[in-house]
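A.B. asks: So for the sequence shown, my numbering puts the first residue at 402; every next one is plus one.
Quick reminder that beta carbons are idealized off the backbone N, C-alpha and C, glycines included.
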Amino acid sequence: MLYPILSIRSGIDAAIALAMSCMSSQLLPSSYPGRPVVSIMLNYFKRPHVIQEIADNMRAACLSVSIPCELVVNVDNPHEAGAWVNEAGFVVPVFSANLHEARGYNRAARLARGKYLVVWQDDQIPPRTGTWMLQMIRLFQTYPRLGILGMNTYRICRQKESTNRQGNPGWNPDPRTGITWTYVHFTDFAPMAILASVFWELGGLEEGFSRPGECGITGDWELCARAWVAGWQVGHFSWDGRKGDPVAHGGTHTSVGALACWNRQMDVGGGSFTKRYIHPVFVQDMCERVWAHNMLTFTLRSPDRCPYGEQSRGWANCTAPPEENRAAFAAQMQIHLPTENRQSEAGWDIGR
402 MLYPILSIRS GIDAAIALAM SCMSSQLLPS SYPGRPVVSI MLNYFKRPHV
452 IQEIADNMRA ACLSVSIPCE LVVNVDNPHE AGAWVNEAGF VVPVFSANLH
502 EARGYNRAAR LARGKYLVVW QDDQIPPRTG TWMLQMIRLF QTYPRLGILG
552 MNTYRICRQK ESTNRQGNPG WNPDPRTGIT WTYVHFTDFA PMAILASVFW
602 ELGGLEEGFS RPGECGITGD WELCARAWVA GWQVGHFSWD GRKGDPVAHG
652 GTHTSVGALA CWNRQMDVGG GSFTKRYIHP VFVQDMCERV WAHNMLTFTL
702 RSPDRCPYGE QSRGWANCTA PPEENRAAFA AQMQIHLPTE NRQSEAGWDI
752 GR
């Protein structure tokens with residue numbers, strides 16, 4: 402006698418589930434017309450001479466590739482509010498009180514509406530062409546587990562490299578996208594792109610490493626570490642065209658900023674970061690995972706271009722597994738191999 406009751410109950414549950422899926426019980430803001438695809442997040446402090454050029458160039462870059470964008474600016478010195486108000490429309494300003502990097506970018510991210518967040522710094526002038534945005538979006542769409550994409554400096558293994566790398570690695574262009582890029586251990590601000598959904602899944606930038614008004618040094622590496630731990634991947638690709646502020650360099654490199662940032666903040670942020678993530682066994686596992694992703698994804702441009710290849714380092718090399726062993730190696734490293742390895746000729750949908 403229980404079976405009919407169970408059958409009726411399951412039928413009711415199925416009907417309710419179907420009704421819930423068909424009824425207008427929830428909105429999807431990402432489907433609204435007119436929403437930006439890319440949100441560039443700028444933390445601004447006392448550089449009035451760059452305001453118009455950054456806003457004009459970034460607007461032109463987005464228009465050049467027909468990508469809906471917004472420039473979300475955390476203005477850390479509100480006495481310059483008028484200059485940013487004049488850029489209203491494309492620019493979305495928020496006027497804070499010297500929050501500076503970690504808090505400033507988190508606040509900007511809360512206002513951002515784009516699917517892709519791009520961390521930008523006020524000592525960098527963007528080019529007026531947006532090809533780099535198309536490449537960025539293509540990489541994110543082709544590799545669904547790619548959560549962070551750096552565009553400044555990087556390391557493929559933090560413990561084995563004493564300095565940051567710049568420029569392209571030694572790989573051939575990725576056959577799936579036609580873009581030269583690489584998986585990395587950590588990448589620096591800025592620019593740095595991250596999926597908005599991943600940014601909030603990870604909890605944003607760590608605000609506990611610095612006091613208000615101070616730099617957010619190590620926050621970029623710490624975010625990358627959390628991404629890897631959470632099952633996301635971190636990559637890097639280089640592009641030309643941006644230039645530095647011709648009048649004043651980054652504030653962290655001034656005599657005043659150096660003491661607060663590179664001394665105190667490096668000690669506090671770097672020490673906390675090291676305690677969380679820099680255990681020899683743990684770091685070795687992360688570096689091996691980055692290496693495995695690179696070996697399974699890319700081929701060398703020439704034998705002497707291996708980014709791992711200095712034998713004196715005594716660590717990894719660029720010996721990829723034989724084709725017949727690729728699947729087994731990927732399974733061992735818990736890496737998903739793509740089923741199709743040719744570049745799509747159909748383009749991509751930037752709003753997807």
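Does DSSP classify Gln522 as helix, strand or coil?
C.D. replies: Three-state result, Gln522: strand.
A.B. asks: Would you call Leu738 buried or exposed, if buried means 16 or more other Cβ atoms sit within 10 Å of its Cβ?
C.D. replies: Looking at its Cβ environment, which holds fewer than 16 other Cβ atoms inside 10 Å, Leu738 is exposed.
A.B. asks: Please report how far the alpha carbon of Pro494 lies from the alpha carbon of Ile455, in whole angstroms.
C.D. replies: So the alpha carbons of these two residues sit roughly 13 Å apart.
A.B. asks: So for Met402, helix, strand or coil by DSSP?
C.D. replies: Unreliable positioning characterises Met402 in this predicted model, as indicated by a pLDDT of 49, which lies under 50. A coordinate reading is not provided.
A.B. asks: May I have the straight-line CA-CA distance separating Asn487 from Met459, to the nearest angstrom?
C.D. replies: Distance between the alpha carbons of Asn487 and Met459: 15 Å.
A.B. asks: Comparing C-alpha positions only, which one of Ala509, Thr530 and Gln427 sits nearest to Asp457?
C.D. replies: Nearest of Ala509, Thr530 and Gln427 to Asp457, Cα basis: Thr530.
A.B. asks: Could you give the uninterrupted runs of the beta strand (DSSP E) lying entirely in the stretch 538–599, keeping only those of 3 residues or more?
C.D. replies: Taking only runs of at least 3 residues, the beta strand (DSSP E) segments lying wholly in the stretch 538–599 are 547–551 and 593–596.
A.B. asks: From the DSSP output, in three-state form, read off His501 for me.
C.D. replies: DSSP places His501 in coil when its eight states are reduced to three.
A.B. asks: How big is the Cα-Cα spacing for Asp668 and Gly617?
C.D. replies: Going from the Cα of Asp668 to the Cα of Gly617 covers about 12 Å.
A.B. asks: Determine, using beta carbons only, whether His501 and Asn444 come nearer to each other than 8 Å.
C.D. replies: Contact: yes.
A.B. asks: Assuming Leu518 and Ile595 make a contact with CB atoms under 8 Å, what is their CB distance in whole Å?
C.D. replies: With a Cβ gap of about 5 Å, Leu518 and Ile595 count as contacting.
A.B. asks: Let's test the definition: count the other Cβ atoms within 10 Å of the Cβ of Ser611 and tell me whether it reaches 16, buried, or not, exposed.
C.D. replies: Ser611 is buried by the Cβ-count criterion.
A.B. asks: Where does Met453 fall in DSSP's three states?
C.D. replies: Strictly speaking, residue 453 in this sequence is Gln, with Met absent from that position. Reduced to three states, the DSSP call for Gln453 is helix.
A.B. asks: With distances taken Cα to Cα, identify the nearest neighbour of Val635 among Phe541, Arg643 and Pro681.
C.D. replies: Taking only the C-alpha atoms, the option nearest Val635 is Phe541.
A.B. asks: Would you mind listing the alpha helix (DSSP H) stretches within the stretch 417–478 that are 4+ residues and don't spill past its ends, in chain order?
C.D. replies: Runs found: 452–465.
A.B. asks: Check for me: the beta strand (DSSP E) holding Phe730 runs from which residue to which?
C.D. replies: No beta strand (DSSP E) contains Phe730, which is instead part of the alpha helix (DSSP H) from Arg727 to Gln733.
A.B. asks: Out of curiosity, what's the CA-to-CA distance linking Pro613 and Asp477?
C.D. replies: Looking at the two C-alpha atoms, the distance is approximately 11 Å.
A.B. asks: Closest by CA to Arg643, which one among Asn553, Cys423, Ile736 and Pro545?
C.D. replies: Ranking the options by Cα distance to Arg643, first place goes to Asn553.
A.B. asks: Thinking His637 and Val585 are a contact (beta carbons under 8 Å), I'd like their distance in whole angstroms, please.
C.D. replies: Between Val585 and His637 the Cβ distance is about 5 Å, and since that is below 8 Å, they are a contact.
A.B. asks: Sorted by chain position, which residues of the same chain lie with C-beta nearer than 7 Å to Arg556's C-beta, five sequence neighbours on each side aside?
C.D. replies: If we look at Arg556 and ignore the five residues flanking it on each side, its Cβ neighbours are Glu562, Asn565, Arg566, Val585, His586 and Phe587.
A.B. asks: If I follow the unbroken beta strand (DSSP E) through Phe496, where does it start and stop?
C.D. replies: Counting along the chain, the beta strand (DSSP E) containing Phe496 begins and ends at Val492 to Phe496.
A.B. asks: When the Cα atoms are used, what is the spatial distance from Cys707 to Trp629?
C.D. replies: About 23 Å.
A.B. asks: If we count the other Cβ atoms within 10 Å of its Cβ and call it buried at 16 or more, is Gly620 buried or exposed?
C.D. replies: Buried: at least 16 other Cβ atoms inside 10 Å.
A.B. asks: Specify whether the stretch 696–706 and the stretch 571–580 touch according to this definition: at least 3 beta carbon pairs, one from each stretch, less than 8 Å apart.
C.D. replies: Output reads yes: the stretch 571–580 touches the stretch 696–706.
A.B. asks: On the premise that Met534 lies in contact with Ala462, defined as a C-beta separation below 8 Å, what is that separation, rounded to the nearest angstrom?
C.D. replies: Rounded, the Cβ-Cβ distance is 7 Å, consistent with contact.
A.B. asks: Looking at the secondary structure, which residues open and close the beta strand (DSSP E) in which His637 lies?
C.D. replies: Start and end: Gln634 to His637.
A.B. asks: Select from Leu603, Ala503, Pro592 and Arg665 the residue whose C-alpha is nearest the C-alpha of Trp346.
C.D. replies: Since the displayed the chain opens at 402 and closes at 753, residue 346 lies outside it and no answer follows.
A.B. asks: List the endpoints of the continuous alpha helix (DSSP H) containing Ile610.
C.D. replies: In the sequence as presented, Ile is not what sits at residue 610; that position holds Phe. Per DSSP, Phe610 belongs to no alpha helix (DSSP H) and is neither H nor E.
A.B. asks: If you drop the 5 nearest sequence neighbours on each side, which residues of the same chain put their C-beta closer than 6 Å to that of Ala509?
C.D. replies: Excluding residues within five positions, the ones whose Cβ falls inside 6 Å are Met442, Val473 and Asn475.
A.B. asks: So what does DSSP say about Gly710, is it helix, strand or coil?
C.D. replies: Correct three-state label for Gly710: coil.
A.B. asks: Give me whichever residues DSSP pairs with Tyr517 in a beta bridge.
C.D. replies: Partner(s): Val439 and Leu596.
A.B. asks: What's the gap between the Cα of Met687 and the Cα of Thr578?
C.D. replies: Met687 and Thr578: Cα-Cα distance of roughly 25 Å.
A.B. asks: According to DSSP, is Gly645 helix, strand or coil?
C.D. replies: Looking at Gly645 - three-state DSSP - the assignment turns out to be strand.
A.B. asks: Taking the Cβ atom as the reference point for each residue, do Gly515 and Val439 lie within a distance shorter than 8 Å?
C.D. replies: Yes. Within cutoff.
A.B. asks: Check whether the Cβ of Trp521 lies closer than 7 Å to any heavy atom of the ligand MN, and answer yes or no.
C.D. replies: Of ligands this structure carries none, so the ligand MN is not represented either.
A.B. asks: Excluding the 5 residues flanking Val492 on each side, which residues of the same chain have their C-beta closer than 7 Å to its C-beta?
C.D. replies: Only Ala456, Leu472, Val474 and Trp485 meet the Cβ criterion.
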